[in-house]
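Structure first, then comments.
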Amino acid sequence: RGGKIEYTYKEGTLQKEAVSVGTRAEYSDIQPASFDFRAEAKRLSEILYSLPASPHETLKKHMERRGMTVEGLVAKSGVSVRTIHRLKNEPEYQPNRTHIMAICIGLQLEPELQTDLFQKYGVTFTNSPKDILYEMMFRSMYKQPLSLFNSKLQDFGYPPLSNCADELDE
């Protein structure tokens, strides 16, 4: 909540000052000054070094780390049970790019962990405005629910990553 003094001009004459009061709330992706970047870098590095080389085992490890069941991931990502089972259990399965993207948001993977999972599943991004938008959103909105991510995509004229009617947001 804040106020600011506003001056108006009428016919070239400065009028009486008025204070306008308003309330505004915004999402801020700026890290607090006390954020320990070194500790966070160490934590993420340890996770990355501990991950298996195969994509399906990496997905299992992320789900385990987050305490996420298949049903929970279905609710958070909008990806079907069948697809998640295939991703976890069929090493040769080549998923749709949007499925992996939705899973990264559903698991709330940090950008460094997203990049690792994208690479392991062969997901690539181009320099197109759409792909750059995706990457920007992944870096800044990874802690947000998929419904908000999808809503932003639709605001920009792009289709949602998946349908997530029953998210289990906390």
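Each number in our numbering corresponds to the 1-based position in the sequence shown with 3 added. Ideal Cβ placement from N, Cα and C applies to all residues, glycine included.
Flag Leu164 as yes if its beta-carbon sits less than 7 Å from any beta-carbon of chain D, otherwise no.
You won't find chain D in this structure, because it holds only one protein chain.
Looking only at its own chain, which residues have a Cβ that is under 7 Å from the Cβ of Ile87, when we skip the five neighbours before and after it?
Mapped onto the sequence shown, residue 87 falls at position 84. Result list for Ile87: Val73, Leu76 and Val77, in chain order.
Counting along the chain, where does the alpha helix (DSSP H) carrying Ser80 start and finish?
For this step, residue 80 is matched to residue 77 along the sequence shown. From DSSP, the alpha helix (DSSP H) with Ser80 extends over Val73 to Ser80.
Just the C-alpha distance for Lys79 and Phe141, rounded to the nearest angstrom, thanks.
As a first step, residue 79 must be located in the sequence shown, where it is residue number 76. As a first step, residue 141 must be located in the sequence shown, where it is residue number 138. Computed Cα separation, rounded: 15 Å.
For Asp119, the nearest candidate out of Lys63, Pro58 and Phe159 (CA to CA):
The residue you call residue 119 lines up with position 116 of the sequence shown. Minimum Cα distance to Asp119 is reached at Pro58.
Pairwise C-alpha distance: Pro162 and Pro132
Here residue 132 refers to the residue found at position 129 of the sequence shown. Here residue 162 refers to the residue found at position 159 of the sequence shown. When rounded, the distance between both Cα atoms is 14 Å.
Report back the beta-carbon spacing between Leu150 and Thr101 to the nearest angstrom; my notes put them in contact at under 8 Å.
By one-based count along the sequence shown, residue 150 stands at place 147. By one-based count along the sequence shown, residue 101 stands at place 98. The amino acid at residue 150 is misidentified as Leu; the sequence shows Ser. Actually they are not in contact, since the Cβ atoms of Ser150 and Thr101 sit about 15 Å apart, beyond 8 Å.
If you compare alpha carbons, which of Leu156, Met66, Tyr52 and Pro98 is closest to Gly109?
To locate residue 109, count along the sequence shown from 1; it is residue 106. The option with the nearest alpha carbon to Gly109 is Met66.
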